[in-house]
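Here is the structure we will look at.
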Amino acid sequence: MQKSNPSTLPAYLALIAGVFIIGTSAILVKFANLPGLVSGFYRVGIATAVLLPIWLYKNRDEGIPSWHNLKFILLGGILFGTDVAFWNTSILLTTAAKSTLLANNSPIWVGLGAAFLFKEKLSPKYWSGLALALLGMATIVGVDSWRTSEFNIGDMMAIGTSFLYAGVMLSTQKARTRVDTLTFSALYTATAALTLLPVALLTGQEMSGFSSQSWWSLLALGLGPQVVGWMLINYALGHLRASHVSVSLLGQPVVTAILGFFILGEMLTVNQMLGGMLVLGGIYLVNQKSALKRKQA
């Protein structure tokens with residue numbers, strides 16, 4: 005990773021910590037053992053219950069952000085809620101391996117969006133790092149799992165997830181240049197919860213009557229990855245480029261695989277270890293000082 009000046013060092017530290025914390029999401033979802041839409045709603049719902057009252061108290065004399073800023077927050081929340089709905093549904097309609105690989109193409113769209121919308125100049129080193137990270141993801145998933153099933157609606161939804169997630173990253177970067185972390189996080193998660201709730205209800209999901217293990221897992225999911233993890237990442241997005249952060253987020257599966265080994269006893273395969281090293285190598289390249297330069301006007 006590039007040497008950071010004092011102004012960006014906290015953002016890099018926040019990004020590293022945030023990636024590690026949200027890397028626990030899959031472990032907690034597994035412990036919750038609930039449908040994806042349900043765990044997704046409670047994840048952002050619990051976060052909203054924590055963040056919104058704090059924000060309302062701290063901003064009682066300031067009110068909500070201007071519409072110019074609020075529209076990017078609302079857009080990010082709607083996209084994130086829709087992203088969760090698409091992602092969890094795609095896993096049920098295709099293999100988890102294909103869904104993971106297709107959904108994690110989002111850094112490509114983030115990079116292109118940043119180039120066209122934010123006028124960021126993406127160097128060959130950036131694209132090399134992105135390609136290496138995506139190759140690592142493909143290695144973790146495994147080529148055989150890609151070739152053994154046909155392309156279906158679940159795969160299309162996974163591709164849709166990658167576009168939605170890219171939109172989340174870009175709208176977050178845009179909003180965070182003008183809005184503080186708490187304001188963004190509180191309104192963003194509230195919007196995501198309001199987006200997910202009707203989807204869960206319309207699809208007939210059971211929203212209560214869970215075991216104590218499920219409730220504790222949902223609480224940890226909301227407080228850990230969503231409140232702490234994403235607040236750290238949202239902070240980083242206020243100081244680092246979305247194209248830069250999105251590739252770094254590919255470190256999540258590596259964290260999940262390592263935690264799965266120690267917590268769930270899931271053995272790491274050679275493909276997972278090799279793929280993890282490729283992903284980390286790609287993240288390193290993207291975070292080099294010369295990998296991303298803002299285009300001069």
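Read left to right, the sequence shown gives residues 5 to 301 (the numbering used here). C-beta: ideal position from N, C-alpha, C; glycine also.
The beta carbon of Thr165 sits closer than 6 Å to those of Asp87, Phe90, Trp91 and Ala107, all from its chain and outside the five residues before and after it, given in chain order. For Lys123, no beta strand (DSSP E) encloses it, and the DSSP letter there is neither H nor E.
Its chain contains Val33, Ala36, Leu222 and Leu225 as the residues whose beta carbon lies nearer than 7 Å to that of Ser43, once the 5 sequence neighbours on both sides are disregarded; these appear in chain order. In this chain, the alpha helix (DSSP H) harbouring Val259 covers Gln256 to Leu263. Considering only Thr187, Leu126 and Ile20, the residue with the shortest C-alpha distance to Gly81 is Thr187.
Following the DSSP letters along the chain, one finds Gln177 inside the alpha helix (DSSP H) bounded by residues Ile157 to Arg180.
The three-state secondary structure of Arg245, taken from DSSP, is coil. Taking C-beta atoms as the reference points, Gly286 and Ala137 count as a pair closer than 7 Å. Classified as exposed, Met271 has fewer than 16 neighbouring CB atoms from the shown chains inside 10 Å of its CB. Apart from the 5 residues on each side of it in sequence, Met173 sits with its Cβ closer than 6 Å to the Cβ of Val114, Ala246 and Ser250 in its chain, given in chain order. For the pair Gly133 and Val232, the CB atoms are not nearer than the 7 Å cut-off. If you look at Ser29, you'll find it in the alpha helix (DSSP H) that goes Ser29 to Ala36. In this structure, Ala162 lies near Ser94, with their beta-carbon atoms less than 7 Å apart. Membership of Val274 in the alpha helix (DSSP H) is indicated by the continuous run Val274 to Val290. CA-to-CA, the gap between His248 and Val203 works out to about 32 Å. Fewer than three pairs of CB atoms, one per stretch, sit closer than 8 Å, so the region 64–76 makes no contact with the region 120–134. Annotated three-state conformation of Gly233 is helix, per DSSP. Comparing C-alpha distances from Ala118 to each of Gly49, Gly40 and Ser175 shows the shortest one belongs to Ser175.
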